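Engineer: I'd like to ask some things about the structure below.
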Amino acid sequence: MSNFTLEVSKPKSAEDFESYCLHVYCVVFSDALPSNNGRSGQAQGGVDLFVHDKNAGRIGIQCKRYWESALTKAMIDNEIKEADQRGWQMVQLIIATTLLADSPLEQYIQKISDMREAQGKFKVKIEFWPNICSHINSHPSLQKIYSPNSPNGMFTEIRDRFDETQAMQHKILQGVETLKRGPLHAAGRLEPSSANGIEMLPLLKEKYARYLKSNILSIKFLQKADRCMLEMTVEEHIAGYLTNEITTRTDLGFVAGGSDDGYYFSPQRSVLENSIRFLDDSDEISIINCTDIFTHEAATFIDAYWREHGAPPP
């Protein structure tokens, strides 16, 4: 990954920096339940946050947003003293700051930490702004939020999804050209009223491979005068040696008179445009609600996940 320290904006207030630290260190230490130590304005005894490292134990975080002023040895000593006086049960105190690296101050804290560890007390560590940015750089989930222009950031993800959509549209165009060259009516594969159908199975496999029924032979998007349909052909084995091919059509929604607000199919659009809309706008929930192309187990899982999280599975 590339170095993107300058892309991470520093927090604008002490409260914002504390929120940064809470999110960053809960990811770094894989703690799903980090905690604030009291609230702003309360005496916090040298510790703003607590996180738990499963390999070490409880860790305290002191958030120091000294953006333009210096962080002195006396300030460090005072924070450690306050934490000692409160008797916090923790294995380490991390002093996080928005300042750039300060080698003499880091050496001072290392000496203090070594002495304290020898005495059986909690260790002390300082993390400067570049260290915090390094944590963000190492975790894609943090990059998406705090460095949206980074390789794993939110904007890059949006661009990648746009590129994927463009590629999918190109594949559909290729499919249309193939259908134009094929003897549709002679083969009897489509009725005259739906001869502008488009084979969707390859693209649906790319998008929903883990959910699709394994016995599907074909899924076509059809457009009639007044509605769009999804035609599915499945293979069914009978008595161990017979094979049936069963074709069903699902009504995807009205066309004529439908609203042209981006959510309904429109007769003013070509079958290509409407099929692209079906691929782009449909998610797992809409698929299980309007089609029968997923397995029963997949549909049950998706429905349960949606009810619990209010969103489709990742």
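Numbering (our numbering) for the sequence shown: 1161 to 1474. The beta-carbon is built from N, C-alpha and C at its ideal position, and this holds for glycine as well. As the structure is a prediction and not an experimental result, all values here were calculated from the model.
Go to Phe1381, then tell me how far its beta strand (DSSP E) extends in each direction, as first and last residue.
Structural biologist: That run of the beta strand (DSSP E) goes 1376-1383.
Engineer: Note down the Cα distance separating Arg1437 from Ser1430, rounded to an integer number of angstroms.
Structural biologist: Rounded to the nearest angstrom, the two C-alpha atoms are 11 Å apart.
Engineer: Which same chain residues end up closer than 6 Å to Val1394 when comparing Cβ atoms and leaving out the 5 residues on each side of it in sequence?
Structural biologist: These residues qualify, in order along the chain: Asn1375, Ile1376, Ile1406.
Engineer: My guess is that Ile1254 and Ile1236 are in contact by the Cβ rule of under 8 Å, so how many angstroms apart are they, rounded?
Structural biologist: The Cβ separation is near 12 Å, so there is no contact.
Engineer: With a cut-off of 8 Å on the beta carbons, I'd call Thr1257 and Phe1288 a contact; round off their distance for me.
Structural biologist: Right, the Cβ-Cβ distance comes to about 6 Å (below 8 Å), so this counts as a contact.
Engineer: Which of helix, strand or coil does DSSP assign to Arg1246?
Structural biologist: Note: Arg1246 maps to helix in three-state DSSP.
Engineer: Going by beta carbon distance, what residues of the same chain come within less than 6 Å of Tyr1306, once the five residues before and after it are set aside?
Structural biologist: Cβ neighbours of Tyr1306 beyond the five flanking positions: Val1168, Ile1296.
Engineer: Please list, in chain order, all residues of the same chain as Asp1176 whose beta carbon is under 7 Å from its beta carbon, the five residues on each side excluded.
Structural biologist: The answer is none, since no qualifying residue turns up.
Engineer: Whose C-beta lies closer than 7 Å to the C-beta of His1397 among residues of the same chain, with five residues either side of it excluded?
Structural biologist: Correct list, in chain order: Thr1403.
Engineer: If the criterion is Cβ atoms closer than 7 Å, does the pair Ile1221 and Leu1209 meet it?
Structural biologist: Yes, these two residues count as a Cβ contact at 7 Å.
Engineer: Determine the burial state of Lys1224: buried for a count of at least 16 other Cβ atoms within 10 Å of its Cβ, exposed for fewer.
Structural biologist: Lys1224 is buried by the Cβ-count criterion.
Engineer: For Ile1445 and Ile1453, what's the separation of their Cα atoms in angstroms?
Structural biologist: Taking the straight line from one Cα to the other gives about 12 Å.
Engineer: Sorted by chain position, which residues of the same chain lie with C-beta nearer than 7 Å to Leu1361's C-beta, five sequence neighbours on each side aside?
Structural biologist: Counting only Cβ-Cβ distances below 7 Å, and skipping sequence neighbours, we find Ile1376, Ser1378, Ile1379.
Engineer: Using CA coordinates, which residue listed in Val1188, Ser1229, Ala1192 is at the minimum distance from Asn1291?
Structural biologist: For Asn1291, the nearest C-alpha among the options comes from Val1188.
Engineer: If distances are taken between C-alpha atoms only, which option among Arg1409, Glu1242, Leu1372, Asn1449 comes closest to Arg1387?
Structural biologist: When only C-alpha atoms are compared, the closest one is Arg1409.
Engineer: Using 10 angstroms around the beta-carbon of Leu1194, count the other beta-carbons present and answer buried if the total reaches 16, otherwise exposed.
Structural biologist: Reading the sequence as shown, one finds Pro at residue 1194 and not Leu. It is buried - the Cβ of Pro1194 has at least 16 other Cβ atoms within 10 Å.
Engineer: Have a look at Ala1234, Val1211, Leu1412, Pro1427 and flag the residue whose alpha-carbon is nearest the alpha-carbon of Val1251.
Structural biologist: Measuring from the Cα of Val1251, the nearest candidate turns out to be Val1211.
Engineer: By Cβ distance, which residues of its chain are closer than 8 Å to Val1207, with the 5 residues on each side in sequence left out?
Structural biologist: Result list for Val1207: Asn1197, Gly1220, Ile1221, Gln1222, Ala1243, Arg1246, Trp1248, Met1250, Leu1253, in chain order.
Engineer: Does DSSP put Arg1409 in a helix, a strand or coil?
Structural biologist: Note: Arg1409 maps to strand in three-state DSSP.
Engineer: Express the C-alpha separation of Ile1448 and Glu1468 in angstroms, rounding to a whole number.
Structural biologist: Spanning the two alpha carbons is a distance of roughly 16 Å.
Engineer: By a C-beta neighbour count over all protein chains shown, 10 Å radius and 16 as the cutoff for buried, is Glu1457 buried or exposed?
Structural biologist: The residue in question, Glu1457, is exposed, as its Cβ has fewer than 16 Cβ neighbours within 10 Å.
Engineer: By DSSP, does His1212 sit in helix, in strand, or in coil?
Structural biologist: Three-state result, His1212: strand.
Engineer: To test your reading of the DSSP string, which unbroken alpha helix (DSSP H) runs of 4 or more residues are found completely within the region 1235-1313?
Structural biologist: As far as the region 1235-1313 is concerned, its whole alpha helix (DSSP H) runs of at least 4 residues are 1263-1278, 1289-1298, 1300-1306.
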